[in-house]
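Colleague:
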Amino acid sequence: MSITSKTKTVIKILKTRGLTGIFQTIYAKFDRSFRPDEAHMVFEFLKDAFPPGLMIDVGAHHGSSLAPFAKQGWQVVAFEPDSNNRAVLTNAFAANRNVIIDPRACSDHVQPEATLYTSPESTGVSGLSAFLDSHQASETISVTTLSAALETYNLSTKPVDFLKIDTEGFDLMVLKGFPWETTTHPKVILCEFEDSKTKPLGYDFHELVNFLVDLDYHLLISEWFPVKAYGSTHRWRRFATYPCQLEDPQGWGNIFAIKDQDQFEQFKKKYQIN
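Mapped onto our numbering, the consecutive letters of the sequence shown carry residue numbers 5 to 278.
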């Protein structure tokens with residue numbers, strides 16, 4: 005890239021994202037070890053602003069996202085359909101009376117029997133679709149909706165403070181299964197986007213964000229560079245306030261959706277995001 009092109013790029017970043025954008029770009033380019041922990045960012049924000057509440061973790065894996073919430077006394081409902089991952093999760097949190105571990109997957113419908121696909125590439129890519137060549141059918145599981153599950157646990161009238169979703173492509177379906185009409189909307193939602201997983205399922209990044217915008221959420225995008233290999237260390241790119249376009253259509257990342265505008269601005273201010 006020529007000096008003129010670099011200057012134009014710097015000016016564009018300054019105009020659209022300010023000095024924070026410059027620093028984020030430098031981090032992404034030169035400090036590949038910088039990787040935000042989005043779920044922990046939400047924890048740090050909520051613990052400073054609100055008393056312990058209810059966290060729903062859909063796709064809990066080994067429990068790294070829910071751990072600080074459970075430790076602080078939050079009520080946690082964790083969904084993990086992969087029996088191997090769930091064994092690790094149960095070993096870590098079975099003694100926590102404030103943590104419910106549910107063996108079902110979540111979607112927009114109830115299904116007594118469904119196939120779970122796993123891959124030797126990573127314990128983090130288990131799900132209801134086989135998006136990798138290495139995916140294999142591993143076990144039969146049940147699928148529920150958040151609406152049905154919350155009613156089962158007598159939590160359908162309790163406000164959900166944090167809804168975290170990481171379901172390898174089914175995040176929009178999980179959102180559609182939430183009882184939006186009868187339950188207080190979550191203060192914060194964290195969900196994942198990656199078109200390479202979701203387009204075969206019938207939706208893309210824009211449909212996912214539009215679903216949240218239609219519910220009057222304010223969105224912050226944490227964009228990562230395209231995945232080179234699942235199970236490896238990934239490279240982070242930037243934060244961007246929505247509406248925005250992805251820097252790379254092949255990228256992936258997480259969406260922070262915050263219901264209250266003032267809290268959204270406080271969240272960005274806490275992490276110095278323009």
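Backbone N, C-alpha and C fix where the C-beta goes; we use that ideal spot for every residue, glycine too. Since the structure is predicted, the reported quantities are computational estimates derived from the model, not experimental observations.
Just the C-alpha distance for V231 and F215, rounded to the nearest angstrom, thanks.
Modeller: Stepping through the sequence shown from its first residue, residue 231 is reached at position 227. Stepping through the sequence shown from its first residue, residue 215 is reached at position 211. Roughly 25 Å separates the two Cα atoms.
Colleague: What's the gap between the Cα of F260 and the Cα of V213?
Modeller: Counting from one through the sequence shown, the residue named residue 260 turns up at place 256. Counting from one through the sequence shown, the residue named residue 213 turns up at place 209. Approximately 10 Å between the Cα atoms of the pair.
Colleague: Report the partner residues of L3 according to the DSSP bridge assignment.
Modeller: Missing from the structure shown is residue 3; the chain here goes from 5 to 278 and no further.
Colleague: What number of angstroms, rounded off, separates the C-alpha of T237 from the C-alpha of Y121?
Modeller: By one-based count along the sequence shown, residue 237 stands at place 233. By one-based count along the sequence shown, residue 121 stands at place 117. So the alpha carbons of these two residues sit roughly 22 Å apart.
Colleague: How far does the beta strand (DSSP E) with Y83 in it reach, from first residue to last?
Modeller: Here residue 83 refers to the residue found at position 79 of the sequence shown. The question names Tyr, yet the displayed sequence has Phe at residue 83. First-last of the beta strand (DSSP E) with F83: Q79 to F83.
Colleague: Going by DSSP in three states, R90 sits in which element: helix, strand or coil?
Modeller: Here residue 90 corresponds to residue number 86 of the sequence shown, with the count starting at 1. It is helical.
Colleague: Whether or not the stretch 44-57 and the stretch 155-175 are in contact is what I'm after, with contact meaning three or more pairs of Cβ atoms, one per stretch, closer than 8 Å; do they touch?
Modeller: Verdict: yes, contact present.
Colleague: Compare the beta carbon distance of E206 and W228 with 8 Å and say whether it is the shorter of the two.
Modeller: Start at 1 with the first residue of the sequence shown, and residue 206 comes out as number 202. Start at 1 with the first residue of the sequence shown, and residue 228 comes out as number 224. Note that residue 206 is Gly in the sequence shown, not Glu. It is not a contact, given that the beta carbons lie outside the stated cut-off.
Colleague: From S133, H189 and T156, pick the residue whose C-alpha is nearest to that of F174; which is it?
Modeller: Along the sequence shown, read from residue 1 onward, the residue named residue 174 stands at position 170. When only C-alpha atoms are compared, the closest one is S133.
Colleague: Reducing DSSP to helix, strand and coil, say where F166 ends up.
Modeller: Reading the sequence shown from its first residue, position 162 is the one you call residue 166. Here F166 sits in strand by DSSP.
Colleague: Going by DSSP, name the residue or residues bridged to W184.
Modeller: Residue numbering aside, residue 184 sits at position 180 when the sequence shown is read from its first letter. Bridge partners of W184: none, in fact.
Colleague: Identify whether A141 lies in helix, strand or coil by the three-state DSSP scheme.
Modeller: Reading the sequence shown from its first residue, position 137 is the one you call residue 141. Strand, per DSSP.
Colleague: Helix, strand or coil for I105? Go by DSSP, reduced to three states.
Modeller: What you label residue 105 is simply residue 101 of the sequence shown in a count that begins at 1. If DSSP states are grouped into helix, strand and coil, I105 belongs with the strands.
Colleague: Could you give the distance in angstroms between the alpha-carbon of L219 and the alpha-carbon of S226?
Modeller: The residue you call residue 219 lines up with position 215 of the sequence shown. The residue you call residue 226 lines up with position 222 of the sequence shown. L219 and S226: Cα-Cα distance of roughly 20 Å.
Colleague: Cutting at 7 Å between CB atoms, please list the residues of its own chain near T186, excluding the five before and the five after it.
Modeller: Within the sequence shown, numbered from 1, the residue matching residue 186 stands at position 182. Excluding residues within five positions, the ones whose Cβ falls inside 7 Å are S160.
Colleague: For T122, name the three-state secondary structure that DSSP assigns.
Modeller: Your numbering for residue 122 matches position 118 in the sequence shown. Strand at T122.
Colleague: Pull up the CB-CB distance for L93 and I104, whole angstroms please, since I reckon it's below 8 Å.
Modeller: Reading the sequence shown from its first residue, position 89 is the one you call residue 93. Reading the sequence shown from its first residue, position 100 is the one you call residue 104. Not quite, the Cβ-Cβ distance comes to about 11 Å (not below 8 Å), so this is no contact.
Colleague: Considering only the alpha carbon of each residue, which of A71, Q276, T119 and S123 lies closest to A99?
Modeller: In the sequence shown, the residue the question calls residue 99 occupies position 95. When only C-alpha atoms are compared, the closest one is A71.
Colleague: Taking only the alpha-carbon atoms, compute the straight-line gap between K272 and F49 and give it to the nearest angstrom.
Modeller: For the purposes of this step, residue 272 is taken as the residue at position 268 of the sequence shown. For the purposes of this step, residue 49 is taken as the residue at position 45 of the sequence shown. Their Cα atoms are separated by approximately 10 Å.
Colleague: Taking F268 and H210 to be in contact with their CB atoms under 8 Å, please state how far apart those CB atoms are, rounded to whole angstroms.
Modeller: By one-based count along the sequence shown, residue 268 stands at place 264. By one-based count along the sequence shown, residue 210 stands at place 206. With 8 Å as the limit, F268 and H210 do not qualify as a contact, their Cβ atoms being about 20 Å apart.
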